[in-house]
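Colleague:
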Amino acid sequence: MPRIQVDDKQLSQATRDLMILPGLFSRARRSALKSVGYMVQQTLRNHVEYGGAGWPALHPLTRMFKHKYGAKGRWIKRSFHEGPLFWLGKFARYRVEDQGDTVKVHFGKSKKGQKGTFNKELVGIVDRAERGETIRVTPKMRRFLAATRRRRPKSQEPGGTYFPLKKTTKTLKTPARPIFSPVWRKVRPTIMPLFEKKFNGALDRYLLGTKKT
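So in numbering that gives the first Met the number 0, spot 4 of the sequence shown is number 3, and the numbers just go up one at a time.
1. State the start and end residues of the unbroken alpha helix (DSSP H) segment that holds isoleucine 178.
2. How would you label leucine 84, buried or exposed, when you count the other beta carbons within 10 angstroms and need 16 or more for buried?
3. Quick check on the burial criterion: 16 or more other C-beta atoms within 10 angstroms. Buried or exposed for isoleucine 75?
4. How do the segment 194-203 and the segment 28-46 stand: do at least 3 beta-carbon pairs fall below 8 Å, yes or no?
5. Do glutamine 4 and aspartate 100 come within 8 Å of each other at the CB atom, strictly closer than that value?
6. Count the other CB atoms within 10 Å of the CB of leucine 144; is the residue buried (16 or more) or exposed (fewer)?
7. Does DSSP put alanine 31 in a helix, a strand or coil?
8. Taking buried to mean at least 16 other C-beta atoms within 10 Å of its own C-beta, is alanine 91 buried or exposed?
9. Along the chain, which unbroken stretches of the alpha helix (DSSP H) at least 4 residues long are found entirely within the segment 76-142?
10. Mind checking glycine 22: buried by the 16 CB within 10 Å criterion, or exposed?
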């Protein structure tokens, strides 16, 4: 699971000195980490919802059908036009660990205002998406795909409007769609400057008793 820790060497000496102090300084550190976590979470969500970085397009079959209710679910007829894994974006989450020096970012189902909770099923989906996947064709799957041919219209296009499998086809391959590595390359240069800015801003608010603007 991706973890983001504050690299003290990339911070100014003044900020490093303040970070080790108790009380308001620990509170400011947590506040800054939350800002970092939120920034990475939003970048992660945008990456997924805007179709990744050069991800292969969805197969026509995937655009026609959608799998519901997890790994043991069922396939339903549902036409949709979003990019690959678009639905996953809204589940991006972050969590600042109890010790207050690490923030984790992944996918989960916690509600707004709750501590970020990561979901095992979603984490598994992300892992498979990043690696790509080879699925063995079962007799049931072969019958299902053969049944995608409809009576109307009379003119049907194999591989376009219906999806029969050749007898020689034993597996189906899903291409890899990298998620975390391209996001990390994008956010890495901005993490420490953002942390330092938010840390000092939080200190100013706490010490001066001003509200966050």
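Quick reminder that beta carbons are idealized off the backbone N, C-alpha and C, glycines included.
Modeller: For this structure:
1. Taken as a continuous stretch (DSSP letters only), isoleucine 178 belongs to no alpha helix (DSSP H), as it is neither H nor E.
2. buried
3. Unreliable placement is indicated for isoleucine 75, whose pLDDT of 45 sits below 50; no coordinate value is reported for it.
4. yes
5. yes
6. buried
7. In the three-state DSSP reduction, alanine 31 falls in the helix class (H, G or I).
8. buried
9. Every alpha helix (DSSP H) of 4 residues or more that sits fully in the segment 76-142 is shown, in chain order, as 119-130.
10. exposed
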